[in-house]
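Visitor: Using this note's numbering, you'd call the opening residue of the sequence shown number -19 and step up by one each time.
Here it is, the structure, as structure tokens.
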Amino acid sequence: MNAFLKAVHCLALCLALGGALFWTCIWCVLDTPDIHRATLQVWQRVRFGIWLGAVCFLVSGAADLLQAAHQVIDPTDLESLVQFLIGTRYGNMTLLKSLLMPLFVMSVFRL
């Protein structure tokens, strides 16, 4: 299960970052008046991919965190779980990347 969560987590990160990179570095350079209609369709697909990647990244990160916490503490105890998040490097890293992904999505969509 751990290998599956890590794989989903990595693929979701690639999807979220890759969609934004594709849009800004590849497609926008190729955008000409001749393909303007296709640009809207491509943007809808890229936007969906970025949202899907971001959501899967957050969900798989939370599931991986709960699995790691389950090996050390009882994850049903909220106080222990909060202490695990704040007091360990793994918890700090998970909180940081969980906060950075929404900021990344907001910067891509300029919300």
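Backbone N, C-alpha and C define an ideal beta-carbon position, used for all residues, glycine too.
Remember, predicted model here, so these are calculated numbers, not experimental data.
Taking only the alpha-carbon atoms, compute the straight-line gap between H(-11) and R27 and give it to the nearest angstrom.
Guide: 19 Å
Visitor: What does a CB cutoff of less than 7 Å around P82 pick up in its chain, not counting 5 residues either side in sequence?
Guide: none
Visitor: In chain order, what residues of the same chain lie with their CB nearer than 7 Å to the CB of C36, ignoring the 5 residues before and after it?
Guide: Excluding sequence positions up to five before and after C36, its CB lies within less than 7 Å of the CB of V(-12) and A(-8), all in the same chain and listed in chain order.
Visitor: In three-state terms, what does DSSP make of R69?
Guide: helix
Visitor: Out of curiosity, what's the CA-to-CA distance linking Q47 and L80?
Guide: 21 Å
Visitor: Tell me which residues share the same chain as Y70 and place their Cβ nearer than 7 Å to its Cβ, disregarding the 5 neighbours each side in the sequence.
Guide: If we look at Y70 and ignore the five residues flanking it on each side, its Cβ neighbours are A48.
Visitor: Might you give, ordered along the chain, the residues of its own chain that have their beta carbon closer than 7 Å to the beta carbon of S116, omitting 5 neighbours on each side?
Guide: A query on residue 116 cannot be resolved here, the shown segment of the chain reaching from -19 to 91 and no further.
Visitor: Tell me whether A0 is buried or exposed, calling it buried when 16 or more other Cβ atoms sit within 10 Å of its Cβ.
Guide: buried
Visitor: When burial is assigned at 16 or more other CB atoms within 10 Å of the CB, is L45 buried or exposed?
Guide: buried
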